[in-house]
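9 is the number of the first residue of the sequence shown in the working numbering; add one for each residue after it.
For each residue, glycine too, the CB sits at the ideal point set by N, CA and C.
Some notes on the structure that comes next.
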Amino acid sequence: MDRKVTIVMYHYVRNLERSRYPGIKGLSVERFCRQLDYIQINYTPISVDDLLAALACEKNELPPNPILLTFDDGYVDHFANVFPQLDSRGIKACFYPSARPTLEHRVLDVNKIQFLLASVSDAGILLDEVFSSLAEFRAEYQLKTREEYLRVERVKHRYDSGEVSVVKSLLQHELPGAVREEVVRRLFAKFVTADEAAFACELYMSVDQIACLRRYGMHIGNHGFSHVWLNRVPADVQSFEIDRSLQFLNKVGIEGDQWTMCYPYGGYNDSVLQILKARRCRLGFAVENRVADLKVDDPLTLPRIDTNDLPS
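Now the structure itself:
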């Protein structure tokens, strides 16, 4: 019996070409609808409950060509553009909002970096700004020189230029945490907006909107508190990120052990998995460009493909 499941990862779903930030990489609403048409013809959409049932007992068979849709980061797009389409088609999906943006009206650093890159058309100029900002921190944090940072070999993302890859790497994980946060904060205020709270309210779903998704049968899961690389932080920070998000899930009506995890950036390690097991997490979603195989894959590290790898 075939036990393979296609799990798809989505982020922005909005008409970006008509927005203030057309440079943001995302899926247009029209293309999303076409992709749903393709999915309904070629796959059978399943819910997270269907997946859990199949994992609990091999006798619980999945339908032909099962597919599960997941939406990361809690963007308002998911309520305004995604939810109506899913509901009208009877498709149940999983949503993974980070808790901090909704609770504290803070913009995630990953999103600040995205909007910085969308606001500054020349990534070289932004890279110059980053290195200029590092001058005052160099002695205290023993930072490398510009030349040393540029010589670091990095894994290049298929959608990013070399300069964009350097900006993302420096501001996401290479620089010390306190330096990263302050540099990102300053650059975001300079090039995007100084009113972070208002921007966050425009970008992310509210508690009421997330709770509404749940009432209509959508699954709401754990995506950490502030969207950090869980495999790059110590165990106490891992626990904090996961536990604060669990408290947030309780706030929107998710209780007990029927919870799932979606790793920010797809990052996890053995320490993260141990924390999840101790808290009775049922499923974990990573990022890997292949179809999940329930016969061999660990339920806590199921692979997901990007929406761009699914035809529309």
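According to DSSP, simplified to helix, strand and coil, what is residue i?
| i | result |
| --- | --- |
| PHE196 | helix |
| GLY274 | helix |
| PHE346 | Because the chain in this structure spans residues 9 to 320, residue 346 falls outside the shown range and cannot be described. |
| TYR83 | strand |
| VAL115 | coil |
| LEU151 | coil |
| CYS102 | strand |
| LEU302 | coil |
| ILE15 | strand |
| TYR46 | helix |
| TYR224 | coil |
| CYS41 | helix |
Determine the closest residue to residue i out of the options, with distance taken between C-alpha atoms.
| i | options | result |
| --- | --- | --- |
| PRO105 | PHE40, LEU116, LEU291 | LEU116 |
| VAL174 | VAL160, CYS102, GLY185 | VAL160 |
| GLU69 | ALA61, VAL280, LEU178 | ALA61 |
| ALA300 | ARG287, CYS209, ASP314 | ASP314 |
| GLU38 | ALA202, VAL90, ARG28, VAL56 | VAL90 |
| TYR18 | GLY274, THR309, GLN282, LYS152 | GLY274 |
Would you check if the distance between the CB atom of residue i and the CB atom of residue j is smaller than 7 Å?
| i | j | result |
| --- | --- | --- |
| VAL187 | PHE145 | yes |
| TYR212 | ASP95 | no |
| PHE103 | PHE79 | yes |
| PHE199 | LEU125 | no |
| ILE32 | PRO53 | no |
| LYS12 | SER55 | no |
| ALA208 | HIS113 | yes |
| ARG22 | ASP85 | yes |
| GLY229 | CYS270 | yes |
| ALA219 | GLY261 | yes |
In terms of DSSP beta bridges, what is residue i paired with?
| i | result |
| --- | --- |
| VAL21 | LEU35 |
| MET269 | ASN230, GLY292 |
| PRO74 | THR52 |
| ILE313 | VAL16 |
| TYR212 | TYR83 |
Would residue i be called buried (16 or more neighbouring beta carbons within 10 Å of its own) or exposed?
| i | result |
| --- | --- |
| THR268 | buried |
| GLN246 | buried |
| LEU272 | With the sequence shown as reference, residue 272 is identified as Pro, and Leu is not the correct amino acid for it. That one is buried. |
| ALA131 | buried |
| ALA294 | buried |
| VAL304 | exposed |
| ASN50 | exposed |
Can you find a heavy atom of the ligand MG that lies under 6 Å from the Cβ of residue i?
| i | result |
| --- | --- |
| THR153 | The ligand content of the structure shown is nil, which means the ligand MG is not present either. |
Does any residue of chain D bring its CB to less than 7 Å from the CB of residue i?
| i | result |
| --- | --- |
| ALA205 | Structure shown: chain D not included; a single protein chain is present. |
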